[in-house]
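Colleague: Chains as they are written, first to last, in the numbering used here: chain A, 1 to 332; chain B, 333 to 664. Note that beta-carbon positions come from the ideal geometry of N, C-alpha and C, so glycine has one too.
Protein chains: 2
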Amino acid sequence: MRGKFDCFNMRQRLSPDYYITGILAHDRLVLSQAITLVESQLAADYPLAQAVLDGVLAHTGNSMRIGITGVPGVGKSTFIEVFGQHLTAQGHQLAVLALDPTSQRSGGSLLGDKTRMENLSMNPSAYIRPSPVGNALGGIGHRTRETMLLCEAAGFDIILIETVGVGQSETVVYELVDFFLLLMLAGAGDELQGMKRGIMELADALAITKADGDNGPAANRAQFEYQNALHLFPPTGTGWQPPVLTCSALTNAGMADVWQLIQEHQKLTTQNGHRAQRRQSQQVNWFRELLRQRLDGQFFGQPGIRNRMNDLENRVRQGEILPGKAVGELLG
Amino acid sequence: MRGKFDCFNMRQRLSPDYYITGILAHDRLVLSQAITLVESQLAADYPLAQAVLDGVLAHTGNSMRIGITGVPGVGKSTFIEVFGQHLTAQGHQLAVLALDPTSQRSGGSLLGDKTRMENLSMNPSAYIRPSPVGNALGGIGHRTRETMLLCEAAGFDIILIETVGVGQSETVVYELVDFFLLLMLAGAGDELQGMKRGIMELADALAITKADGDNGPAANRAQFEYQNALHLFPPTGTGWQPPVLTCSALTNAGMADVWQLIQEHQKLTTQNGHRAQRRQSQQVNWFRELLRQRLDGQFFGQPGIRNRMNDLENRVRQGEILPGKAVGELLG
């Protein structure tokens, strides 16, 4: 039913109070409408969106923010389906945001496929929402952080942010969360194809998925190997040494361990101040990113500029013109 | 003697031809003057600098561009001193550019210390030049790429770009080179403190330094461990599997191996097209970075904007204001 309202472009503009009151009353319909509002690309929606965010600000920041990434096929959705049930069974209110870099191309979305997270999507303690990735020049345009704040204000105490882990979306998610979980398949090889280099070193933990049946020994071997490898990485600077676990969405094995681990991480980084520090630095980065998006928007909003830019990039790529000169031509 | 001219701020402006002819005649004095010109922050110098770069463009791109990084204490200068002598002994003309992120703070430079690279600095086949890192907002402002092009036009067929490996300078260097070498000390632990996470996965090879005397067995162990770890990393996508070597600037051990390796990498990536592809993508990134710098320059050049920005960042950091609102205040 929600989807109907999300796609309803010609909606009337309501008062900030309508949204704020509804969100703080944990009304999911209003939450969905508010998310649609903050995701809006219409300049006219912007002041209202800001007013709503301002109005709920005092009620945000109290959730555990967890990022989950991994290459296609690693079993992210299945993991979240089972892990999410584990969390709600313990009384948590769970919001799942799927950062979806494909939606800008296809107009579709990760969650368009109705078979994903079938149980979780019917769970009254869970709320699932795709977060489209726009194509702002010079960066990924998205409103996932704003959506996360709205969900926190609406009473969700755990936010899972999923990304398919292609392109730049992992670093975007890393900038949003307190804990970044990388799902991996057993055996170093094909499944690493497509994983961005540098991502392993961002992870707060690795979980080897599909550790069940015949795959068990391979998963254990992978756990041992990755654990050794991670010891050779530079330290995180937070006193936390990223561990490697195994889990199975089929047998539920390891789900409690992953949750236990995330809680330990939160305890440690809360005590030593790194959690607050990470969030503060994320806030500042978010400010800089928004400023950049607005400045880019002013520049790239000029008529014809994108075509001229593409043309110049091609000439730069072919070595026909030096970048400095190309910039000069573009800026006139 | 060169230093005198590099620091000569009140120099008169000469014709593009003076620089172009001098550079193509491999005149080092003129090369140094041209580098000072492209490094100039004066807007009035910009058209001349562009004209010089344009004039030498056809003579650039023919060197091997090698980046070298590692934490302080790993022995970068000593490595380059010995490795550089190895290269020039084989008839190569070597330019060493030191990307220096400290110079913006202290006004000093890595190479201010005259004891560094003593032999190489007197070697007639070598040219050593620090490349200051400016403090352009929103990115590292520097002219290392332009300096590299000038050196190529001046006949240097190998460019070594060194960075102390703190902050963002490694990724800057990675964007400049064909081959990125990470120097490491034996034993995972203290020496990794200060190394940026994510950097290991950018490396085309690791070299364990100080593999001599009592340190030999530890270096061999480290080589074995890192080699195993690197196999667990996502593939580079170029058909190249980053190897781990050991070397010693004391005994010269491994220097020939490192050079051999870099040549193999060049051969492979030239044949499979990845070298050209990497350079093309670097060109486009350079264009985007320059465009960004110019746009940032326009914005941050406004009087008082930096103070207002700092003030807003502090309020954002403390959670007193949402970034979206702060951006609105800044843009007015």
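1) Drop a sphere of 10 angstroms on the beta-carbon of B/HIS597, count the other beta-carbons inside from all chains shown, and report buried for 16 or more, exposed for fewer.
2) Using a cut-off of 9 Å between C-beta atoms, extract the partners of A/PHE144 located in chain B.
3) Considering only C-alpha positions, which residue in the set A/GLU289, A/VAL284, A/PHE300 is nearest to B/ASN642?
4) Cα separation between B/ALA357 and B/GLU450?
5) Which whole runs of the beta strand (DSSP E) in the stretch 50 to 90 of chain A are 3 residues long or more, in chain order?
6) Using 9 Å as the limit for Cβ to Cβ distance, is B/ASP628 near chain A?
7) Beta-carbon within less than 7 Å of B/VAL509's beta-carbon, same chain only, minus the 5 sequence neighbours each way: which residues are those?
8) Say whether chain B places a C-beta atom closer than 9 Å to the C-beta of A/PHE299.
9) Against chain B, with Cβ distances strictly below 9 Å, would A/ASP17 count as a contact?
10) Buried or exposed: where does A/GLY22 fall if 16 or more other Cβ atoms within 10 Å of its Cβ makes it buried?
11) Any idea if A/GLN168 is buried or exposed, counting beta-carbon neighbours within 10 angstroms, 16 or more meaning buried?
12) Compute the distance between the beta-carbons of B/LEU514 and B/ALA537, then report whether it is under 9 Å.
13) Does A/THR78 come within less than 9 Å of chain B when only Cβ atoms are used?
14) Scan the stretch 138 to 179 of chain A and note each continuous alpha helix (DSSP H) run of 4 residues or more that stays entirely inside, going in chain order.
15) Do the stretch 561 to 577 of chain B and the stretch 236 to 252 of chain A touch if we need at least three Cβ pairs shorter than 8 Å?
16) If the cut is a Cβ gap below 8 Å, which residues of chain B does A/MET195 touch?
17) Three or more C-beta pairs closer than 8 Å, one from the stretch 256 to 264 of chain A and one from the stretch 582 to 592 of chain B: is that the case here?
18) Taking the alpha helix (DSSP H) that A/ARG116 falls in, what are its first and last residues?
19) Roughly how many angstroms separate the alpha carbons of B/ALA376 and B/LEU369, rounded to a whole number?
20) Does the Cβ of A/ALA95 have 16 or more other Cβ atoms within 10 Å, making it buried, or fewer, making it exposed?
21) Can you list, in chain order, the residues of the stretch 487 to 512 of chain B whose Cβ is nearer than 8 Å to any Cβ on chain A?
22) So that I know if they touch, is there some Cβ in chain B lying closer than 9 Å to that of A/PRO217?
23) Please decide whether B/ALA366 counts as near chain A, where near means a Cβ-Cβ distance under 9 Å.
24) Take B/PHE415 as the anchor and find which of B/ILE490, B/HIS563, B/GLY405, B/GLN373 has the nearest alpha-carbon.
25) Quick check on the burial criterion: 16 or more other C-beta atoms within 10 angstroms. Buried or exposed for A/SER32?
26) Cα separation between A/TRP286 and A/LEU202?
27) Identify the continuous alpha helix (DSSP H) that holds A/ILE339 and give its terminal residues.
28) Check whether chain A comes within 9 Å of B/ASN604, counting only Cβ atoms and requiring the distance to be less than that.
29) By Cβ distance below 6 Å, which residues in the same chain neighbour A/LEU74 in space, the five residues on each side in sequence not counted?
30) Could you pull out every residue in the same chain whose Cβ sits closer than 6 Å to the Cβ of A/ALA154, ignoring the five residues on either side in sequence?
31) Taking A/ARG278 as the reference, give the member of B/ASN604, B/GLY530, B/ILE412, B/ARG649 with the closest Cα.
32) What whole-angstrom Cβ distance do A/GLU175 and A/ASN62 have, given they're in contact under 8 Å?
33) Please report the distance separating the alpha-carbon of B/TYR351 from that of B/ALA543.
34) What are the boundary residues of the beta strand (DSSP E) that includes B/THR578?
35) Distance, Cα to Cα, A/LYS267 vs B/GLU645?
36) Below 9 Å on C-beta distance, what does B/ALA658 contact in chain A?
Modeller: So, to answer that:
1) Classification of B/HIS597: buried, given that the 10 Å Cβ count is 16 or more.
2) The question names Phe, but residue 144 of chain A in the sequence shown is Thr. The premise fails here: A/THR144 is roughly 13 Å from chain B at the closest Cβ pair, so nothing lies under 9 Å.
3) The shortest C-alpha separation from B/ASN642 is found at A/VAL284.
4) B/ALA357 and B/GLU450: Cα-Cα distance of roughly 26 Å.
5) Assignment of beta strand (DSSP E) within the stretch 50 to 90 of chain A, counting only whole runs of 3 or more residues, yields 64 to 69 in chain order.
6) Yes, B/ASP628 lies at the interface with chain A (some Cβ there is under 9 Å from its Cβ).
7) In its chain, beyond the 5 residues on either side, ARG397, ILE398, GLY399, ILE493 have a beta carbon closer than 7 Å to the beta carbon of B/VAL509.
8) Against chain B, the CB of A/PHE299 has a partner CB under 9 Å away; the residue lies at that interface.
9) Contacts with chain B at 9 Å (Cβ-Cβ) do not include A/ASP17.
10) With 16 or more Cβ atoms within 10 Å of its Cβ, A/GLY22 is classed as buried.
11) Residue environment: A/GLN168 is assigned as exposed (fewer than 16 neighbouring CB atoms within 10 Å of its CB, all protein chains considered).
12) It is a contact, given that the beta carbons lie within the stated cut-off.
13) Under the Cβ distance rule, A/THR78 does not count among the residues neighbouring chain B, no pair being separated by less than 9 Å.
14) Scanning the stretch 138 to 179 of chain A from its first residue to its last, the whole alpha helix (DSSP H) runs of 4-plus residues come out as 144 to 153, 169 to 174.
15) With the rule of 3 Cβ pairs closer than 8 Å, the stretch 561 to 577 of chain B does not count as touching the stretch 236 to 252 of chain A.
16) Neighbours of A/MET195 on chain B, chain order: PRO566.
17) Contact between the stretch 256 to 264 of chain A and the stretch 582 to 592 of chain B is absent: fewer than 3 CB-CB pairs across the two stretches fall below 8 Å.
18) Note, A/ARG116: premise wrong, no alpha helix (DSSP H); not H, not E.
19) Roughly 10 Å between the two C-alpha positions.
20) The residue is buried, with at least 16 neighbouring Cβ atoms inside 10 Å.
21) Cβ contacts with chain A: none found.
22) At a cut-off of 9 Å, the C-beta of A/PRO217 has no neighbouring C-beta in chain B.
23) Closer than 9 Å: no.
24) Ranking the options by Cα distance to B/PHE415, first place goes to B/ILE490.
25) Classification for A/SER32: buried.
26) Near 18 Å, if we compare the C-alpha coordinates of A/LEU202 and A/TRP286.
27) It is not possible to answer for residue 339 of chain A, since the shown part of chain A is limited to 1 through 332.
28) Under the 9 Å criterion on CB atoms, B/ASN604 is classed as non-interfacial with respect to chain A.
29) According to the sequence provided, residue 74 of chain A is Val. The question's Leu does not apply to it. Taken in chain order, the residues that qualify are LEU183, LEU185, THR209.
30) Excluding its 5 nearest sequence neighbours in each direction, A/ALA154 has C-beta neighbours in its own chain below 6 Å: ILE23, HIS26, LEU31, listed in chain order.
31) When only C-alpha atoms are compared, the closest one is B/ARG649.
32) A/GLU175 to A/ASN62, Cβ: 19 Å. No contact.
33) Answer to the nearest angstrom: the Cα atoms are 44 Å apart.
34) In the DSSP assignment, B/THR578 falls within the beta strand (DSSP E) that extends over 576 to 578.
35) When rounded, the distance between both Cα atoms is 27 Å.
36) Those are PHE287, LEU290, LEU291, listed as they occur along chain A.
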